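Note that the protein sequences, when read in sequence, are chains Z and R.
For the first sequence, our numbering gives the first residue as 1, with consecutive numbering after it.
For the second sequence, our numbering gives the first residue as 1, with consecutive numbering after it.
See below for the structure under consideration.
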Amino acid sequence: MLIDWASFTPWTALSGGLLIGLAAAVFILFNGRIAGISGIVGGLLKPQRGDSLWRVLFVAGMVLAPLAWLAFSQLPAIQIDAGYPLLVIAGLIVGISTRYGAGCTSGHGICGISRLSPRSIVATLAFMGTGFLTVYVVRHLLAL
Amino acid sequence: MKKHFITAFLAGLIFGLGLLLSGMANPDKVLSFLDLAGAWDPSLALVMLGAIAVGVIAFTFIKGHSHSLLGEPLKLPAKSELDARLIIGSLGFGVGWGLAGFCPGPALVALGAGEAKAAVFVAAMLAGMGLFELIESRKQPNR
Numbered sequence: 001m002l003i004d005w006a007s008f009t010p011w012t013a014l015s016g017g018l019l020i021g022l023a024a025a026v027f028i029l030f031n032g033r034i035a036g037i038s039g040i041v042g043g044l045l046k047p048q049r050g051d052s053l054w055r056v057l058f059v060a061g062m063v064l065a066p067l068a069w070l071a072f073s074q075l076p077a078i079q080i081d082a083g084y085p086l087l088v089i090a091g092l093i094v095g096i097s098t099r100y101g102a103g104c105t106s107g108h109g110i111c112g113i114s115r116l117s118p119r120s121i122v123a124t125l126a127f128m129g130t131g132f133l134t135v136y137v138v139r140h141l142l143a144l
Numbered sequence: 001m002k003k004h005f006i007t008a009f010l011a012g013l014i015f016g017l018g019l020l021l022s023g024m025a026n027p028d029k030v031l032s033f034l035d036l037a038g039a040w041d042p043s044l045a046l047v048m049l050g051a052i053a054v055g056v057i058a059f060t061f062i063k064g065h066s067h068s069l070l071g072e073p074l075k076l077p078a079k080s081e082l083d084a085r086l087i088i089g090s091l092g093f094g095v096g097w098g099l100a101g102f103c104p105g106p107a108l109v110a111l112g113a114g115e116a117k118a119a120v121f122v123a124a125m126l127a128g129m130g131l132f133e134l135i136e137s138r139k140q141p142n143r
């Protein structure tokens with residue numbers, strides 16, 4: 001294994017992680033809910049009375065984060081190499097499978113592991129595994 | 001406005017800022033983390049570590065409570081069995097994640113940063129979630 005030390009950003013990664021953890025903490029302590037993005041967004045597609053506004057506000061906070069960031073500093077790089085067809089395929093897969101799997105990186109990977117949920121630990125191992133495998137196949141076997 | 005609406009917005013905002021700061025909102029960096037056989041960037045392991053370190057404290061504190069500090073009912077997943085839906089769904093999610101380097105949260109943040117490609121990903125993701133609801137509602141017509 002070859003570590004790309006030049007790209008390794010331990011301090012921003014760790015402090016960004018602490019912020020993400022803080023957000024999950026705020027959400028469970030005050031709202032009593034898991035900060036799982038796929039579940040929060042997915043719930044908007046099957047609206048139930050009195051169950052939509054908090055979802056919209058959470059999503060609005062996320063979408064407005066870059067704007068809040070811009071008030072203090074330049075935005076960090078966001079580089080998206082995938083072309084449009086691949087983005088559509090990836091988006092469809094992520095959308096349908098996070099609903100079947102009842103969670104994504106946030107709900108299972110962060111909140112679920114934090115509360116030692118066996119389902120979330122298994123889910124995280126599963127999506128990390130296929131994530132690693134997919135990049136291996138795309139970059140090294142197909143060499144796209 | 002009720003307080004829990006404000007905290008929902010704040011949680012989303014802090015979450016988004018954390019994704020930006022950590023580098024998770026950048027698919028190029030996510031893919032460098034997922035590329036074990038290439039020039040591996042381990043940064044995102046530290047994102048998980050930092051987030052879980054804080055998460056553990058909050059979830060340990062709230063364990064055993066029935067309501068949040070604002071009096072909202074505590075909604076924790078009740079399911080405990082490892083079913084096929086969980087495993088197949090999660091395996092599939094990893095494939096989609098590895099294809100473009102986007103998972104749901106970072107895609108929303110990149111959309112907010114004005115990235116057209118993120119908007120396309122989010123639209124497709126919403127379509128995928130809608131498809132799920134459609135299939136589910138056909139399976140259980142009285143749901």
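Positions of the beta carbon are idealized from the N, C-alpha and C atoms, including for glycine.
Every value quoted in this text rests on a predicted model; they were computed, and no experiment measured them.
Cα-Cα separation between residue i and residue j, rounded to whole angstroms
i      : j      : result
Z/S15  : R/L126 : 30 Å
R/G140 : Z/G36  : Contrary to the premise, residue 140 of chain R reads as Gln rather than Gly in this sequence. Computed Cα separation, rounded: 25 Å.
R/F5   : Z/W54  : 5 Å
R/V122 : Z/G43  : 15 Å
R/G114 : R/T60  : 37 Å
R/D35  : Z/L142 : 14 Å
R/K75  : R/I135 : 25 Å
R/T7   : R/G71  : 13 Å
Z/A65  : Z/I113 : 25 Å
R/L111 : Z/A102 : 23 Å
R/S90  : Z/T105 : 10 Å
Z/P10  : R/L44  : 9 Å
R/G50  : Z/L133 : 25 Å
Coarse secondary structure for residue i, derived from DSSP in three states
i      : result
R/A39  : strand
Z/H140 : helix
Z/L2   : strand
R/K75  : strand
R/H65  : coil
Z/I93  : helix
Z/L67  : helix
Z/C156 : No information on residue 156 of chain Z is available, as it lies outside the stretch 1 to 144 that chain Z covers here.
R/I52  : helix
R/R143 : With a pLDDT of 49 at R/R143, under the threshold of 50, the predicted position of this residue should be treated as unreliable, though the coordinate-derived value follows. In this structure, R/R143 counts as coil in the three-state DSSP scheme.
Z/P85  : helix
Z/G61  : helix
Z/S117 : coil
R/L91  : helix
R/I57  : helix
Z/S7   : coil
Z/S106 : helix
Z/F30  : helix
R/G98  : helix
Z/F72  : coil
Z/A77  : coil
Z/G101 : coil
Buried versus exposed, by CB contacts within 10 Å (16 or more), residue i
i      : result
R/R138 : exposed
R/M48  : buried
R/L46  : buried
Z/Y100 : buried
R/A107 : buried
Z/H108 : buried
Z/R119 : buried
R/D41  : buried
Z/I147 : In the structure displayed, chain Z extends from 1 to 144; residue 147 of chain Z sits before or after that span and is not available.
Z/W69  : buried
Z/R33  : buried
Residue range of the unbroken alpha helix (DSSP H) whose run includes residue i
i      : result
R/F15  : K3 to S22
R/K117 : A116 to K139
R/P106 : P104 to G112
Z/T12  : P10 to V26
R/L31  : P27 to L34
Requested in this report: Enumerate, from N- to C-terminal direction, the unbroken alpha helix (DSSP H) stretches of 4 or more residues contained entirely within the region 32-59 of chain Z.
Outcome: 37-42
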